[in-house]
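Novice:
Residue numbers (the working numbering): 475 to 1244.
1) For the region 987 to 999 against the region 963 to 971, do three or more pairs of beta-carbon atoms, one drawn from each stretch, fall closer than 8 angstroms, so that the two count as touching?
2) According to DSSP, simplified to helix, strand and coil, what is residue 1210?
3) Would you identify the three-state DSSP class for residue 747, choosing helix, strand or coil?
4) Assuming contact is defined by CB atoms lying nearer than 8 angstroms, are residue 552 and residue 589 in contact in what I supplied?
5) Is it buried or exposed for residue 563, if we count other Cβ within 10 angstroms and need 16 for buried?
6) Span of the beta strand (DSSP E) holding residue 735?
7) Between the region 821 to 833 and the region 736 to 753, are three or more C-beta pairs nearer than 8 angstroms?
8) Could you compute how far the alpha carbon of residue 898 sits from the alpha carbon of residue 861?
9) Is residue 580 helix, strand or coil by DSSP?
10) Only counting the same chain, and skipping five residues up and downstream in sequence, which positions put a Cβ closer than 7 angstroms to that of residue 827?
11) Does DSSP classify residue 741 as helix, strand or coil?
12) By the 10 Å Cβ neighbour count, where 16 or more other Cβ atoms means buried, how is residue 1188 classified, buried or exposed?
13) For residue 517, which three-state DSSP category applies?
14) Please go through the region 868 to 954 and give each complete beta strand (DSSP E) segment of 3 or more residues, from N-terminal end onward.
15) Name the residue from 783, 1041, 669 and 1022 whose alpha carbon lies nearest to the alpha carbon of residue 1058.
16) Give me, in chain order, the residues of the same chain whose beta-carbon lies closer than 7 angstroms to that of residue 892; leave out the 5 immediate sequence neighbours on both sides.
17) Check this for me: beta carbons of residue 623 and residue 505, under 8 angstroms apart or not?
18) Looking at residue 852: is its Cβ nearer than 8 angstroms to the Cβ of residue 926?
19) Which residues does DSSP list as the beta-bridge partners of residue 988?
20) Hey, quick one: how far does the beta strand (DSSP E) through residue 668 stretch, first residue to last?
21) What does DSSP give as the partner residues of residue 811 in its beta bridges?
22) What are the boundary residues of the beta strand (DSSP E) that residue 1023 is part of?
23) In terms of residue numbering, what span does the beta strand (DSSP E) encompassing residue 547 cover?
24) By the DSSP assignment, the beta strand (DSSP E) with residue 663 in it spans what residues?
25) With a threshold of 16 other CB atoms inside 10 Å of the CB of residue 601, please say whether the residue is buried or exposed.
26) Do you know offhand how far residue 945's Cα is from residue 1066's?
27) Where do the N-terminal and C-terminal ends of the beta strand (DSSP E) with residue 464 fall, by residue?
28) Hey, would you say residue 701 sits closer than 8 angstroms to residue 669, going by beta carbons?
29) Take the Cβ of residue 568 as the centre, count every other Cβ of all protein chains shown within 10 Å, and call the residue buried at 16 or more, exposed below.
30) Three-state secondary structure (DSSP) at residue 862?
31) Quick one: using the 10 Å Cβ neighbour count with 16 as the cut-off for buried, is residue 657 buried or exposed?
32) Going by beta-carbon coordinates alone, are residue 703 and residue 662 separated by less than 8 angstroms?
33) Let's test the definition: count the other Cβ atoms within 10 Å of the Cβ of residue 1244 and tell me whether it reaches 16, buried, or not, exposed.
34) Measuring only the C-alpha atoms, how far is residue 524 from residue 609?
35) How long is the line joining the alpha carbons of residue 771 and residue 823, rounded to whole angstroms?
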């Protein structure tokens, strides 16, 4: 007898295989056994193994197969078999391998051998399982002793937790005996409904008692109805396996039987206006336990209840066990004939008895009008394309939905980015159709190549004012795109801004370079930085290089400039970054250079003081922004520079003109802004005895010799006798200077003892409100 074994759905029992899922790509075929294990009786004569083809079936494919010994031996227990399975193009039919099984030498228990797939052709792969184990159940039952299952069937509830299976030893108790046991899927699946179980039972010499083993039953995934699997005995030693050697285990599900869902049989229905009525079926699927019902109601669309149909509402009912379709009937009116279609909807709602509404839960009913159709007029497309060199474009207008009566429609073009008179010729007019004429009409629009451009431009053409009872359908407007015949624009390169700012503690600044006005062709541009008051290597790291764009690339590129915080300072410093030498046909546009301002991370001294000179660094953070140009001059007129305290010789001026705007000559409040500042402060250190530090002021046009000298000693900590080599602090009210519109505040260093070779040291010059 030939036993054909093919796995399908949820697993197998004795005489069937254990299936394994297989996934393949859509471009190849997967060739695989339909099960990984088969069982056949020694007396069956042969076993057939099925090979399935999944995935692509476009090409012809083949695969080799062969048997291999296990405990079963070719020539004694089965016939060695090998060959090739072939599939033609578009052939997905499963193929079988038939292997003869011999009972010339009966044996007890089970023996096994394998069948494997090899060498798939091009376009095919071996899927899983690529081999199968064949179990041969021996026929020899001549022994006096045997082992057998206590029952051929078992029943267990899904909530029971486990099932105990008994195995009996019959015909004697002489000698030690053992037998294996194994479970196999049926509609119940191991790992989901039960736990796959294998093992061996053993009897000692003289032991004839029944043995048991336990199989766990899972209630994790409750189901209704029944599922089953099998358990069988295998590989007996010292005794034969008698009947029943296998048993079917039935699991009674713990889930309630399904109530089912309710849905319309379709999402759309069509009915003629003169049909009288339309019937919509509602079905119950997925269960029929218990009585259920569902409400229904119609709703207006373009069809109106009372004119085109009769409003319908109600409830459909099903008894327990009833799965027959129910019908909703809606009356259709022909009292007012119309052309074309009108629609209304029917929807289900409020299910009872535990039922649910499945999709479609609503449907659209289309009523086909009875009136003679005049037709609609519409453009053949919503968009058209034409080359600038084409000369003209033809736009088609169709008459659809009827041809009764003479009709017409107006048309006109309108500018977009394409302009009439330059890129195309403006067209307006009327198209006419005679009664019965349903042919397409055309509009010809001249296209101009007189002014070539790159890229594309567009304009629109629209229909309007249909006559003769016709309507303007959709599309009523179309966009016409003209593809220019000029070379595509390369574009220009520019910085994203003419100035940037970054904190000294920011670490780095990114400067953006944009490509605008086109992206045709590969382009590049050089960049570099240059010092201002910020110095490369001290305040920032100099940068230079080249930025590159591929053809079609219009993305912005960045230049990263590292900023140093090694030597914090107050105020700000600046540098310049510039782009140059564009290549690939690109041009430079504005801005192509930018000022980068680095804002110092060192805070000014505490208090409401605005410092002009502090610890060797010129700094200004207040109202007089240009005062950073403050200089001190020695007796020969040359500047004295930091980075340490400034040494000022005798008879020497150093100072600043505190103007804040061009208006200061006519408005003193804008020149010397005394709010919130009330005092001039500074520190001074004499290098010889009796040196007096004076501050003078002079008006515009004065010279140092003609200036008024102001004695600072009443306002300085050292008074008239400052200590040599020690700093003294001075705080002078601004009111004592009697400032005018033309005042220029100056420092005057006076050596009253005539020690002209000595110097003063000056530091911490500034203004404060306190």
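Ideal Cβ placement from N, Cα and C applies to all residues, glycine included.
Specialist: Reading it off the structure:
1) yes
2) For the purposes of this step, residue 1210 is identified with residue 736 of the chain shown, where counting begins at 1. Helix, per DSSP.
3) Counting from one through the chain shown, the residue named residue 747 turns up at place 273. Residue 747: coil per DSSP, three-state reduction.
4) Here residue 552 is taken as the residue at index 78 of the chain shown, counted from 1. Here residue 589 is taken as the residue at index 115 of the chain shown, counted from 1. In this structure, residue 589 does not lie closer than 8 angstroms to residue 552 by Cβ.
5) Mapped onto the chain shown, residue 563 falls at position 89. Exposed, because fewer than 16 other Cβ atoms sit within 10 Å of the Cβ of residue 563.
6) The residue labelled residue 735 in the question sits at position 261 within the chain shown. Element bounds for residue 735: 735 to 738.
7) yes
8) To locate residue 898, count along the chain shown from 1; it is residue 424. To locate residue 861, count along the chain shown from 1; it is residue 387. About 11 angstroms.
9) The residue you call residue 580 lines up with position 106 of the chain shown. Correct three-state label for residue 580: coil.
10) Along the chain shown, read from residue 1 onward, the residue named residue 827 stands at position 353. Result list for residue 827: 733, 764, 765, 766 and 767, in chain order.
11) The residue labelled residue 741 in the question sits at position 267 within the chain shown. Coil, per DSSP.
12) Residue mapping note: residue 1188 aligns to position 714 of the chain shown, counting from 1. So residue 1188 ends up on the exposed side.
13) Counting from 1 along the chain shown, the entry for residue 517 is found at position 43. In the structure shown, residue 517 sits in a helix (DSSP, three-state: H, G or I).
14) 881 to 889, 902 to 907, 915 to 920 and 930 to 941
15) As a working mapping, residue 1058 is identified with position 584 in the chain shown. The residue with the shortest Cα to Cα distance from residue 1058 is 1022.
16) The count along the chain shown starts at 1 and reaches residue 892 at position 418. Taken in chain order, the residues that qualify are 898, 931, 932, 933 and 956.
17) Here residue 623 is taken as the residue at index 149 of the chain shown, counted from 1. Here residue 505 is taken as the residue at index 31 of the chain shown, counted from 1. Result no, Cβ atoms of residue 623 and residue 505 do not sit closer than 8 angstroms.
18) Residue numbering aside, residue 852 sits at position 378 when the chain shown is read from its first letter. Residue numbering aside, residue 926 sits at position 452 when the chain shown is read from its first letter. The answer is no: Cβ separation not under 8 angstroms.
19) Position 514 of the chain shown holds residue 988. Residue 988 is bridged to 968.
20) Along the chain shown, read from residue 1 onward, the residue named residue 668 stands at position 194. Residue 668 -> no beta strand (DSSP E), and no H or E assigned at all.
21) In the chain shown, the residue the question calls residue 811 occupies position 337. Answer is none; residue 811 lacks a bridge partner.
22) For the purposes of this step, residue 1023 is taken as the residue at position 549 of the chain shown. Segment 1018 to 1023, the beta strand (DSSP E) holding residue 1023.
23) Locating residue 547 in the chain shown gives position 73, where the first residue counts as 1. Segment: none, residue 547 is in no beta strand (DSSP E) and carries neither H nor E.
24) Your numbering for residue 663 matches position 189 in the chain shown. Where residue 663 is concerned, there is no enclosing beta strand (DSSP E), given that its DSSP letter is neither H nor E.
25) In the chain shown, residue 601 corresponds to position 127, counting from 1. The residue in question, residue 601, is buried, as its Cβ has 16 or more Cβ neighbours within 10 Å.
26) Looking up residue 945 in the chain shown gives position 471. Looking up residue 1066 in the chain shown gives position 592. Approximately 58 angstroms, taken between the alpha carbons.
27) Shown here, the chain extends from 475 to 1244; a query on residue 464 therefore has no answer.
28) In the chain shown, the residue the question calls residue 701 occupies position 227. In the chain shown, the residue the question calls residue 669 occupies position 195. Contact: no.
29) Locating residue 568 in the chain shown gives position 94, counting from the first residue. With fewer than 16 other Cβ atoms within 10 Å, it is exposed.
30) For this step, residue 862 is matched to residue 388 along the chain shown. Of the three classes helix, strand and coil, the one that applies to residue 862 here is coil, per DSSP.
31) To locate residue 657, count along the chain shown from 1; it is residue 183. It is buried - the Cβ of residue 657 has at least 16 other Cβ atoms within 10 Å.
32) The count along the chain shown starts at 1 and reaches residue 703 at position 229. The count along the chain shown starts at 1 and reaches residue 662 at position 188. A contact, by the Cβ cut-off of 8 angstroms.
33) The sequence position of residue 1244 within the chain shown is 770, counting from 1. Residue 1244 should be labelled exposed.
34) As a first step, residue 524 must be located in the chain shown, where it is residue number 50. As a first step, residue 609 must be located in the chain shown, where it is residue number 135. Each residue's alpha carbon lies about 16 angstroms from the other.
35) Reading the chain shown from its first residue, position 297 is the one you call residue 771. Reading the chain shown from its first residue, position 349 is the one you call residue 823. Computed Cα separation, rounded: 8 angstroms.
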